[in-house]
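Undergrad: Going by our numbering, the sequence shown opens with residue -19, and the numbers climb by one from there.
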Amino acid sequence: MISVDGIAVEFSGETLFSNVSFVINENDKIALMGKNGAGKSTMMKIIAGVQKANKGHVRCPKEAVIAYLPQHLLTDDNCTVFEEALKAFSNILGMQEEMDRLNKELETRTDYESSEYMAIIEKVTDLGEKFYAIEEVNYEAEVEKALKGLGFRREDFARPTSEFSGGWRMRIELAKILLQKPDLILLDEPTNHVDIESVVWLEDFLINKAKAVIVISHDKTFIDTITNRTIEVTMGRIYDYKANYSHYLQLREERRANQIKAYQEQQKFIADTKTFIERFKGTYSKTNQVNSRERMLEKLQIIEIDEIDTSSLKLRFPASVRSGDYPVIVKDLSKSYDDHIVFKNANLSISRGEKVSFVGRNGEGKSTMIKAIMGEIEYEGACDLGHNVKVGYFAQNQAALLDQNLTVFQTVDEVAEGEVRTQIKNILGQFMFGGDDIDKKVSVLSGGERTRLAMVKLLLEPVNLLILDEPTNHLDLKSKDVLKEALLNFDGTLILVSHDRDFLQGLSQKVFEFKNKRVIEHFETIDDFLSRNKIENLKEIDLKS
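1. For the beta strand (DSSP E) that contains E212, what are its first and last residues?
2. CA-CA distance, A190 and F202?
3. Can you name, in chain order, every residue of its own chain whose Cβ lies under 6 Å from the Cβ of F494, other than the five neighbours on each side?
4. Pull up the distance between the alpha-carbon of I282 and that of V213, whole angstroms please.
5. Classify N327: buried if its beta carbon has 16 or more other beta carbons within 10 angstroms, exposed otherwise.
6. Under a Cβ-count criterion, where at least 16 other Cβ atoms within 10 Å of its own Cβ denotes burial, should D508 be classed as buried or exposed?
7. Under three-state DSSP, which class holds R139?
8. State the Cα-Cα distance for the pair Q239 and K351, rounded to the nearest angstrom.
9. G428 and L455 - do their beta-carbons sit closer together than 7 Å?
10. Would you tell me roughly how many angstroms separate the C-alpha atoms of P307 and L448, rounded to the nearest one?
11. Got a sec, what are the start and stop residues for the beta strand (DSSP E) M13 sits in?
12. From the DSSP output, which residues share a beta bridge with C40?
13. With a 10 Å radius around its C-beta and 16 neighbouring C-beta atoms as the bar for buried, classify T391 as buried or exposed.
14. Taking only three categories from DSSP, how would you classify H502?
15. Which residue spans inside the segment 314 to 369 form an unbroken alpha helix (DSSP H) run of at least 4?
16. Going along the chain, which residues of its own chain have a beta-carbon closer than 7 Å to the beta-carbon of D168, five neighbours each way excluded?
17. Does the beta-carbon distance from V371 to S303 come in below 7 Å?
18. Should P50 be counted as a contact of the ligand PLP given a C-beta to heavy atom distance under 6 Å?
19. My output table needs one value for D522: the three-state DSSP class, helix, strand or coil.
20. For L130, which of helix, strand or coil comes out of DSSP?
21. Between which two residues does the alpha helix (DSSP H) containing Y225 stretch?
22. Assign D184 to one of three DSSP states: helix, strand, or coil.
23. Pick helix, strand or coil for L164, following the three-state DSSP scheme.
24. Please return the same chain residues whose Cβ sits closer than 7 Å to the Cβ of Y373, not counting the five positions on each side in sequence.
25. Given a threshold of 16 other Cβ atoms within 10 Å of its Cβ, counted over all protein chains shown, does L159 qualify as buried or as exposed?
26. Have a look at A379, K110 and S145 and flag the residue whose alpha-carbon is nearest the alpha-carbon of T452.
27. Cutting at 6 Å between CB atoms, please list the residues of its own chain near F111, excluding the five before and the five after it.
28. Does the separation of the CB atoms of M581 and N7 fall below 7 Å?
29. Could you have a look at E77 and say whether DSSP puts it in helix, strand or coil?
30. Please classify L433: does DSSP put it in a helix, a strand, or coil?
31. Using CA atoms only, rank isn't needed, just tell me which of N342, H367, G366 and A375 is closest to E356.
32. Closest to I257 by CA distance: which of Y243, Q246 and M276 is it?
33. Please state whether DSSP places L445 in a helix, a strand or coil.
34. Taking all protein chains shown into account, do 16 or more other C-beta atoms lie within 10 angstroms of the C-beta of Y228, making it buried, or fewer, making it exposed?
35. Beta-carbon separation of I309 and D364 under 7 Å?
36. Just the C-alpha distance for V395 and N444, rounded to the nearest angstrom, thanks.
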């Protein structure tokens, strides 16, 4: 059992949260929820031990292992896949190296009676007791088993981690977590940059193999599937629900309704009391009653109604000229990097007004196809945009391409033209950049804020073909819902790549699947495709286990 006792955090004199306490039990699967900026990631970092609280403690058994998967992966690009995974045992292997070093030092020293010599002997003894108490394991065999279980081939082991996509890097980090056999796993936005198959595998692992888990995620389906408890961080305190996300939303609404009722009753009581005081103030026979009620008002603790995120993104894709009948036509398209074939002889045509999804495991060529359509890479075959096509393109790294030294306002002002320049503040306000936010430097913005700002830039010009490559990474649930609504109402052509099943559902009428170096066209909705493939994916994963 791990306990969070009286945690408090302050930034620049403002309280993020105060006197927060809760217990993490074995096999708890906890969703950590709250609006952006409420302190979820900070809370997770404190539990992980990578950040200190101003007050309070995290208490856990001495031998407990806590494994933390941060929002931004820290994989070392100078390591191979195998070397990176082997870091799961770095503490144990480090103990062995330290023992070897100290034993060699003892062999060369002759000051047998000195305090330094005795201190080395004592340290070797302590290390030995800890090391030999650990179950003897063939670490390299365990690493190989974990990596193969996660879908890596033996020939991948010697490849640098820099050659792998975000989803595969996450699997390396998960392999390290699996190898540590932790008592608590902390996951901050684990589904960002991860393909749907990886998410399905992760769900299965967390439900059936992990012990306690705390997760921050904007993927509704993911958190609903894996969690049995929800802790909401709001207004510096927490609410703890023994319920998954969907049930928590119902309970939260009931809580707010009760708070509003109690607040209204209290406000009526205060108004009545003040009326009594004003009426009888100076009346000798009522002096004691007046004084008593004044003291009562002074001591009264005002009921607070929990804040809800009422801000909203009002996305409106501006009207554009009509494009030709087929905005995108691809014929016999092939792409290779040296000996590695991404896909071969791919064919696809997308009609005006069609909304299509590109799906498939990371590394199968979805983003590569988009780069070919955008003319960003060389390829074999033909890839043409139709007549009058005006493209709006949102890449995976769009937010990272923003100039760090510009302010929010300057970022938009730099690309705005014509009358729209007089509306910049209003546009930014629609994207939740209000008041002083427009003067913030891009360098201090959160991932979600940068993504929204990049989306503002995309929407400044009318387009009739939208190409969105993972547009929802770092967007909160409300922002994703509003973006989805805007895409549903978009009358142009849409190509969408996303790992977020909840976001994808209802958005496309055709699916192009990237698999085994081929591009396969499915005349079905994304809902039908996901429903049909989820069971197959789980079977494939089970075969690898």
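C-beta atoms are modelled at their ideal positions from N, C-alpha and C, and glycine is treated no differently.
TA: Reading off the structure:
1. Taken as a continuous stretch (DSSP letters only), the beta strand (DSSP E) holding E212 covers R209 to T214.
2. 15 Å
3. Around F494: G340, E344, G345 and K346.
4. 20 Å
5. exposed
6. exposed
7. The answer is coil: DSSP assigns R139 none of H, G, I, E or B.
8. 52 Å
9. Yes. Within cutoff.
10. 15 Å
11. K9 to M13 is the extent of the beta strand (DSSP E) around M13.
12. The partner list for C40 (beta bridge, DSSP) is empty, contrary to what the question assumes.
13. buried
14. strand
15. 346 to 353
16. S21, M24, L49, P50, Q51 and I196
17. no
18. In terms of ligand content, the structure shown is empty, and the ligand PLP therefore cannot be addressed.
19. Because D522 carries a pLDDT of 42, less than 50, the predicted location of this residue cannot be relied on, and the following value inherits that uncertainty. Three-state result, D522: helix.
20. coil
21. Y225 to F260
22. D184: helix per DSSP, three-state reduction.
23. strand
24. M354 and I447
25. Counting the other CB atoms within 10 Å of its CB gives L159 a total of 16 or more, which places it among the buried residues.
26. Put simply, of A379, K110 and S145 the residue whose alpha carbon is nearest the alpha carbon of T452 is A379.
27. These residues qualify, in order along the chain: M75.
28. Given that the chain is displayed from residue -19 to residue 525, the structure contains no residue 581 and the question cannot be resolved.
29. In the three-state scheme derived from DSSP, where H, G and I count as helix and E and B as strand, E77 is classed as helix.
30. helix
31. A375
32. M276
33. strand
34. buried
35. yes
36. 19 Å
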